[in-house]
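Here is the structure we will look at, set down as structure tokens.
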Amino acid sequence: MSKRTDFDIIDEVEQIRTKNNVNWMDILRLAFRHAPKDARKLMARVNEYDGRISALLVELSRNGEDTEEKDASDFP
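Each residue of the sequence shown is one higher than the last, beginning at 82 in the working numbering.
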């Protein structure tokens, strides 16, 4: 199996997030409706993990891949 490019990984993340965003928001609404105090605690933990994801995205942005560089203006 060949090494996936940064763009392959980003495309896959986008596809997964697109499908999961609706489910995520429904769960969030349900949690805050039925147990807001507990939901707030969980959201704090989610935020902590999001920080870890952000760190990975920083690493990805600095990944020295041997592909053609694209300017940010090339994307929507």
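Just so it is clear, CB atoms sit at the ideal spot from N, CA and C, and this is done for glycine as well.
Distance, residue j Cα to residue i Cα
i: F88; j: E95; result: 10 Å
i: R114; j: D107; result: 11 Å
i: R143; j: A136; result: 11 Å
i: A112; j: T86; result: 37 Å
i: A125; j: I134; result: 14 Å
i: W105; j: S83; result: 32 Å
i: E140; j: P117; result: 34 Å
i: I91; j: R121; result: 29 Å
i: E93; j: E129; result: 23 Å
Residue i: first and last residue of the uninterrupted alpha helix (DSSP H) it sits in
i: M106; result: 87-115
Pick from the options that is closest to residue i, judged by C-alpha positions
i: R110; options: K100, L123, R133; result: L123
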